[in-house]
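Sequences listed follow chains D and V, in order.
All letters in the first sequence, in the order written, are residues 13 to 81 by our numbering.
All letters in the second sequence, in the order written, are residues 35 to 305 by our numbering.
Where is the CB? At the ideal position from N, CA and C, for every residue including glycine.
In this text the structure is predicted, and so the values were computed from the model without any measurement.
Quick notes on the structure that follows.
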Amino acid sequence: MEGSANLIGLGLAAIGPGVGIGLIFAAFISGVARQPEAQSRLQSIAILGFVLAEALYIITLALAFVLPL
Amino acid sequence: MSLTASITATAVTAADDSGFHAPGPGSFELPPVFEVAGFGVTKPMLLLVLSAVIVVWFGIATSRNASMVPGRLQYVGESAYGFIRNTIGRDNIGSEHFLKYVPYLFTLFTFILVNNYFGLIPFVQYPTMSRIGFVAPLAVISWLVFIGSGIWKHGALGYLKHATMPSGIKGPILIVLIPLEFFSNILVRPFTLSLRLFGNMFAGHLLLILFATGGAALIVSGNVFYGGVGVLAYVMGIGVSFLELLVMFLQAYVFTLLSAMYIGEALADEH
């Protein structure tokens, strides 16, 4: 077996943002289901939340390749 | 996810005998196409120039011969422009100043979009934005634009106060809050902007390389079961390509959206 322990950490780091993104879009979907006319307003907020949650993982991804182990 | 993991694991075990090398950051470092006075010109550099040409052509072709009843090309250009102008520009910057920033936002969006989609066009297949050297200047330009517009609106000290002091908070808590706000509102933004775009393009392209080369290595390995998994890897690769189609658009959109949001925040009045 070859590889870097960084990649295990990378996999673990995907859990948090994964849960977060799921929650964000669940809230978005139920919001739109209750009030369909608010979709365009909710969409940009949902995408902003998605992006912020995803940023955590992307930073980890960059660090996993940058930091040697 | 376990499916992906098992494919990767098999790809790694098959690596020993068939000379398969797992893709890594080295997969993005291509040899120079040609050299000019000892300076190697690589594929991403050429693609960057090509993308600029495409964006300029798109701008000219869709606005030349503009008529009251738009033709097909003009319609495409106008709906793209309208999308940036209304959804990104006006909603985030505010109806007072947004028109000044629409040309910048439109250029940013189309430029990033074309560069991202280079990752999926056959024979090109290299998202330029997967090299951080091309992304960082874009983030720095966005940073300069929003800092500059804040200074233009509030003055240098006024902007510093506007960006670092949350309104309605008084007392000793400000000693903690001001450095924190300065850090998050001014220092970190260009880094997160560039890392997000870079990271998404890098990861997506890495995934595509993994499925393509790993699938090929499994199919030619000679073992029937490995071959079956290799075919599965190709199917997964096609699925990931469709995901990338979405992600590439979303990242261009998000980069422009965040730039517009930062500008809008810098221009906002005290309240």
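Asked: Under 8 Å, Cβ to Cβ, is there at least one residue of chain V near D/L79?; Found: no
Asked: Are the CB atoms of V/L241 and V/V274 within a distance shorter than 8 Å?; Found: yes
Asked: My assumption, with CB atoms under 8 Å, is that V/I122 sits in contact with V/T290. Please give the rounded CB distance.; Found: 5 Å
Asked: Tell me which same chain residues have a C-beta within less than 7 Å of the C-beta of D/L24, skipping the five on either side of it?; Found: none
Asked: Could you list which residues in chain D have their beta carbon closer than 7 Å to that of V/T226, in chain order?; Found: A67
Asked: Report the partner residues of V/E69 according to the DSSP bridge assignment.; Found: V/G74
Asked: Would you please verify whether the beta carbon of V/P171 is less than 8 Å from any beta carbon of chain D?; Found: no
Asked: Mind checking which residues open and close the alpha helix (DSSP H) that includes V/M295?; Found: V258 to L301
Asked: Helix, strand or coil: which one does DSSP assign to V/S176?; Found: helix
Asked: I want to know whether the stretch 256–269 of chain V touches the stretch 137–152 of chain V - three or more CB-CB distances under 8 Å.; Found: no
Asked: I want to see whether chain D comes within less than 8 Å of V/V288, judged by CB atoms only; does it?; Found: yes
Asked: What residue range is occupied by the uninterrupted alpha helix (DSSP H) comprising V/L241?; Found: R223 to I253
Asked: Shortest alpha-carbon distance to V/A300 belongs to which of V/S129, V/G184 and V/Y160?; Found: V/G184
Asked: Please confirm whether V/L227 and V/L292 have their CB atoms less than 8 Å apart.; Found: yes
Asked: Does the count of Cβ pairs from the stretch 43–59 of chain D and the stretch 200–210 of chain V closer than 8 Å reach three?; Found: no
Asked: Hey, quick one: how far does the alpha helix (DSSP H) through V/F117 stretch, first residue to last?; Found: Where V/F117 is concerned, there is no enclosing alpha helix (DSSP H), given that its DSSP letter is neither H nor E.
Asked: Pick out whichever of V/L194, V/G233, V/H239 and V/M235 has its Cα sitting closest to the Cα of V/F217.; Found: V/L194
Asked: Please tell me whether V/G123 has its Cβ less than 8 Å away from any Cβ of chain D.; Found: no
Asked: Does chain D have any CB closer than 8 Å to the CB of V/L229?; Found: yes
Asked: For the stretch 154–166 of chain V against the stretch 80–96 of chain V, are there 3 or more C-beta pairs whose distance is under 8 Å?; Found: yes
Asked: Go to V/N150, then tell me how far its alpha helix (DSSP H) extends in each direction, as first and last residue.; Found: F132 to Y151
Asked: For V/L147, return the contacting residues in chain D, with the cut-off set at a CB-CB distance below 8 Å.; Found: Neighbours of V/L147 on chain D: none; closest Cβ ~16 Å, over 8 Å.
Asked: Could you check the C-alpha separation between D/L73 and V/F225 for me, to the nearest Å?; Found: 14 Å
Asked: Could you check whether the Cβ of V/V148 sits closer than 7 Å to any heavy atom belonging to the ligand NAD?; Found: With respect to small molecules bound, the structure shown includes none, and the ligand NAD cannot be examined in it.
Asked: Can you tell me whether DSSP reads D/R46 as helix, strand or coil?; Found: helix
Asked: Output yes if chain D places a C-beta closer than 8 Å to the C-beta of V/L291; else output no.; Found: yes
Asked: Over the uninterrupted alpha helix (DSSP H) stretch that includes V/P213, give me the two end residues.; Found: I207 to F216
Asked: Spell out a yes or no on whether the stretch 57–77 of chain D and the stretch 26–38 of chain D are touching, meaning 3 or more CB-CB pairs, one atom from each, closer than 8 Å.; Found: yes
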